[in-house]
Amino acid sequence: EPEVTQTPSHQVTQMGQEVILRCVPISNHLYFYWYRQILGQKVEFLVSFYNNEISEKSEIFDDQFSVERPDGSNFTLKIRSTKLEDSAMYFCASSEIGSRNTIYFGEGSWLTVV
Amino acid sequence: SQQGEEDPQALSIQEGENATMNCSYKTSINNLQWYRQNSGRGLVHLILIRSNEREKHSGRLRVTLDTSKKSSSLLITASRAADTASYFCATDKSSGSARQLTFGSGTQLTVLP
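Protein chains in written order, with my numbering: chain A, 2 to 115; chain B, 3 to 115.
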């Protein structure tokens, strides 16, 4: 079964540094997403992306965050000037067009800010 | 309670027993999805049930949806130790194709061998 792949699986970064998390969505999917899960908390929506632009974003997704599809396969989340509270598991997801379609998640990238 | 709240928070059963987890939500939805997460791992999609469906089966999984009560249940029959994981419901109320799932806090299921 096709899957969403994410790299790195785990990254430790110093507070204030920039981090880029990478994702390869399922190849025929056109909608891409980032979600995050702080340890012990719910999975939270960050942003959705379609046709090379953000389609929706949550209040969490402020100017510190940005997303990009630099080529035909990758989808990235950049976090600038990381803070301790950015430590979380970040999940990339993708889906086909249409509200009846499943959203498939990757294994996640665990970010630890120290 | 918030959108997509599961109960119980934790459930411990013996292998071979059935496990039932419930999810309640507040707003109207297009569909509801159940996911599984092993500790520290990714979210694995289990089943999607649309708002016009009442019941859906997939292998040992049975999901029901009652939109009048704004609730859903996930039944795992003949549980196995490998079913030990956290189970989340996620509601989708998006009107367009861009989808924003709202997750519950999850039920931690432990299946004892």
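Glycine included, each C-beta is placed from N, C-alpha and C at the ideal position.
In this structure, what does DSSP give as the bridge partners for residue i?
i: T9/B; result: For the record, residue 9/B in the displayed sequence is Asp; it is not Thr. Per DSSP, N24/B.
i: K79/A; result: I21/A and S67/A
i: F50/A; result: F33/A and I55/A
i: D1/B; result: The requested residue 1/B does not occur in the structure, where chain B is confined to residues 3 to 115.
i: S110/A; result: Y91/A
i: S74/A; result: BP columns for S74/A are empty, so no partner.
Cβ of residue i less than 9 Å from any chain A Cβ?
i: R64/B; result: no
i: L103/B; result: yes
i: R43/B; result: yes
i: Y27/B; result: no
i: Q35/B; result: yes
i: A92/B; result: yes
i: S3/B; result: The pLDDT assigned to S3/B is 35, lower than 50, so where the model puts this residue is not dependable; a value taken from the coordinates is nonetheless given after this. No, no contact with chain A.
i: L50/B; result: yes
i: G108/B; result: yes
i: H47/B; result: yes
Would you say residue i reaches chain B, if we count a Cβ-Cβ gap shorter than 9 Å as a contact?
i: T77/A; result: no
i: K84/A; result: no
i: G107/A; result: yes
i: V13/A; result: no
i: T113/A; result: no
i: F62/A; result: no
i: S96/A; result: yes
i: Y59/A; result: Just to set this straight, residue 59/A is Ser in the shown sequence, not Tyr. So yes, S59/A belongs to the interface.
i: T103/A; result: yes
i: E69/A; result: no
i: S49/A; result: yes
i: F66/A; result: no
i: V20/A; result: no
i: M16/A; result: no
i: V25/A; result: no
Could you check where the beta strand (DSSP E) with residue i kicks off and where it finishes?
i: E69/A; result: F66 to E69
i: E19/B; result: Unbroken run through E19/B: none, as it is neither H nor E.
i: Q102/B; result: Element bounds for Q102/B: n/a, residue is neither H nor E.
i: R38/B; result: N33 to Q39
i: K113/B; result: Checking the sequence, you will find Val at residue 113/B rather than Lys. First-last of the beta strand (DSSP E) with V113/B: T109 to L114.
i: K84/A; result: Segment: none, K84/A is in no beta strand (DSSP E) and carries neither H nor E.
i: V115/A; result: Note, V115/A: premise wrong, no beta strand (DSSP E); not H, not E.
i: T8/A; result: T6 to T8
Looking only at its own chain, which residues have a Cβ that is under 6 Å from the Cβ of residue i, when we skip the five neighbours before and after it?
i: R52/B; result: N33
i: H11/A; result: W111
i: Q4/B; result: Any reading at Q4/B must be qualified, since the residue scores a pLDDT of 40, below 50, and its modelled position is unreliable; the value itself is stated next. Excluding positions up to five away in sequence, the list is empty.
i: N40/B; result: A87
i: S28/A; result: none
i: F62/A; result: L47 and V48
i: I98/A; result: L31
Residues in its own chain within less than 8 Å of residue i by CB, not counting five upstream and five downstream?
i: S88/A; result: I39, L40, L112, T113 and V114
i: T14/A; result: V20, T83, L112, T113, V114 and V115
Only counting the same chain, and skipping five residues up and downstream in sequence, which positions put a Cβ closer than 7 Å to that of residue i?
i: G109/A; result: Q7, M90, Y91 and F92
i: H47/B; result: Q35 and Y37
i: R56/B; result: T66 and L67
>> Just to confirm the assignment: which complete beta strand (DSSP E) runs, minimum length 3, are found wholly within the segment 13–46 of chain A?
In response: 20–25 and 32–38
> Which ranges would you report for the beta strand (DSSP E) in the segment 46–91 of chain B if only whole runs of at least 3 residues count?
Replying inline: 57–60, 63–68 and 73–78
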